[in-house]
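Visitor: Got a structure for you, written out below as structure tokens; questions coming shortly.
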Amino acid sequence: MSFPDQYKNLLLEYARKELHKASELKVETIGSQIREIGFLCTQCGSCCRGYHSDNRVMLLPQDILNLSKNSSLSAAEFVLPFIAAEVEDALNGISDLSGLIPYLDKDGNVHSFGWMLKRKKHGDCFFLERGDLPYKCAIYDFRPALCQTYPFYLEECELHTSECEGLGSSISYEDSLLLARLVLKRYMLELEERILVYQRYEHFEPMDTNVGFSLERFKKGHVFYIVHDSEGTHRICERM
Ligand code: SF4
1 MSFPDQYKNL LLEYARKELH KASELKVETI GSQIREIGFL CTQCGSCCRG YHSDNRVMLL
61 PQDILNLSKN SSLSAAEFVL PFIAAEVEDA LNGISDLSGL IPYLDKDGNV HSFGWMLKRK
121 KHGDCFFLER GDLPYKCAIY DFRPALCQTY PFYLEECELH TSECEGLGSS ISYEDSLLLA
181 RLVLKRYMLE LEERILVYQR YEHFEPMDTN VGFSLERFKK GHVFYIVHDS EGTHRICERM
């Protein structure tokens, strides 16, 4: 979403403070919280499948590098600009255009703030496949940080959980520490990425909401995205 310099500086300051606070968090404390909540992956695949409430996997630059290095795929084959759920619904014609408007510039480009994994037509993750188990991740050993740490995440330096049927099961001391280390590492990398995005962000002129706008232009086939990430801004054209 477009933000002027004053707002950008506030966000930057907040992210820096958050990173400093995160650097003081103890893996052991997060590990004991995870142990108290309990977790065992049942391999149900729900978090990777389309029917799940939100199976978008936001990618860190490290995830993209890791995946490109360990697969035969180039980044362009598995990433998409990250868009908020309301933007996706608007582009798919599921909801009205109001969710889309704040991300549109005066030329009709959709602005995005990072990358996510592609999904198949029916919404399953691009890398989800059927194997010996009902569902299998084709890139399990080098899956993104979000997948490695699901259903746990840190926000404002507090541990949170997403919907998952494996919550509440017992977890060993060693596994809880391992998970805690990954959760903390992911949070710090996300904050570092956010700081760089704010530093490099180039303000865009938002669309004048008084000007009539029709989704028909997107229905004609392509969406033009401008992605703001830690490396700067990228122009991407995607077929709808
Ligand atoms: S990358 Fe693997 S673990 Fe992550 S959502 Fe896709 S299939 Fe699931």
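Taken in order, the sequence shown gives residues 1 to 240; the numbers are from the numbering used here.
Beta carbons are placed, not taken as given, at the ideal position from N, Cα and C, and that holds for glycine.
(1) Does chain E have any CB closer than 8 Å to the CB of His-203?
(2) Any chance the CB of Arg-56 is under 7 Å from a heavy atom of the ligand SF4?
(3) For Leu-40, which of Met-207, Gly-168 and Tyr-140 has the nearest alpha-carbon?
(4) Is the closest heavy atom of the ligand SF4 to the C-beta of Arg-130 under 7 Å?
(5) Using the C-alpha atoms, what's the distance from Leu-12 back to Thr-29?
(6) What did DSSP end up calling Phe-78 once you bin it into helix, strand or coil?
(7) Cβ of Arg-143 within 7 Å of any heavy atom in the ligand SF4?
(8) Cβ-heavy atom distance between Ile-101 and the ligand SF4 below 7 Å?
(9) Compute the Euclidean distance between the alpha carbons of Arg-49 and Leu-80, then round it to the nearest angstrom.
(10) Do the stretch 128-144 and the stretch 157-177 meet, that is, are 3 or more Cβ pairs less than 8 Å apart?
(11) Write down the C-beta distance between Tyr-187 and Leu-146 rounded to the nearest angstrom, noting that I regard them as a contact closer than 8 Å.
(12) Starting from Glu-174 and walking both ways along the alpha helix (DSSP H), at which residues does that stretch end?
(13) Where does Thr-149 land, buried or exposed, given buried means 16+ other C-beta within 10 angstroms?
(14) Would Asn-92 be called buried (16 or more neighbouring beta carbons within 10 Å of its own) or exposed?
(15) What separation, rounded to the nearest whole angstrom, lies between the Cα atoms of Thr-233 and Ser-53?
(16) Go ahead and pull the three-state DSSP assignment for Glu-293.
Guide: The relevant details are as follows:
(1) Absent here is chain E; the protein component of the structure consists of one chain.
(2) Mapped onto the sequence shown, residue 56 falls at position 56. False, no ligand heavy atom lies under 7 Å from that Cβ.
(3) Locating residue 40 in the sequence shown gives position 40, counting from the first residue. With distances taken between Cα atoms, Leu-40 lies closest to Gly-168.
(4) The sequence position of residue 130 within the sequence shown is 130, counting from 1. Result no, Cβ not under 7 Å from the ligand SF4.
(5) The count along the sequence shown starts at 1 and reaches residue 29 at position 29. The count along the sequence shown starts at 1 and reaches residue 12 at position 12. So the two alpha carbons sit approximately 27 Å from each other.
(6) Within the sequence shown, numbered from 1, the residue matching residue 78 stands at position 78. DSSP places Phe-78 in helix when its eight states are reduced to three.
(7) Working through the sequence shown from its first residue, we reach residue 143 at position 143. Checking every heavy atom of the ligand SF4 against the Cβ of Arg-143, one is found closer than 7 Å.
(8) Sequence index remark: in the sequence shown, residue 101 carries index 101 (1-based). Checking the Cβ of Ile-101 against the ligand SF4 gives no.
(9) As a working mapping, residue 49 is identified with position 49 in the sequence shown. As a working mapping, residue 80 is identified with position 80 in the sequence shown. Going by the C-alpha atoms only, they are around 17 Å apart.
(10) no
(11) As a position in the sequence shown, residue 187 is number 187, starting the count at 1. As a position in the sequence shown, residue 146 is number 146, starting the count at 1. No, Tyr-187 and Leu-146 are not in contact; Cβ-Cβ is about 11 Å, not under 8 Å.
(12) Counted from its first residue, the sequence shown places residue 174 at position 174. That run of the alpha helix (DSSP H) goes 173-200.
(13) On the sequence shown, position 149 is the one that residue 149 refers to. With a threshold of 16 other beta carbon atoms within 10 Å, Thr-149 meets it and is buried.
(14) Taking the sequence shown and counting its residues from 1, one reaches residue 92 at position 92. Burial call: exposed.
(15) For the purposes of this step, residue 233 is taken as the residue at position 233 of the sequence shown. For the purposes of this step, residue 53 is taken as the residue at position 53 of the sequence shown. Taking the straight line from one Cα to the other gives about 29 Å.
(16) As displayed, the chain neither begins before 1 nor continues past 240, which places residue 293 out of reach and without an answer.
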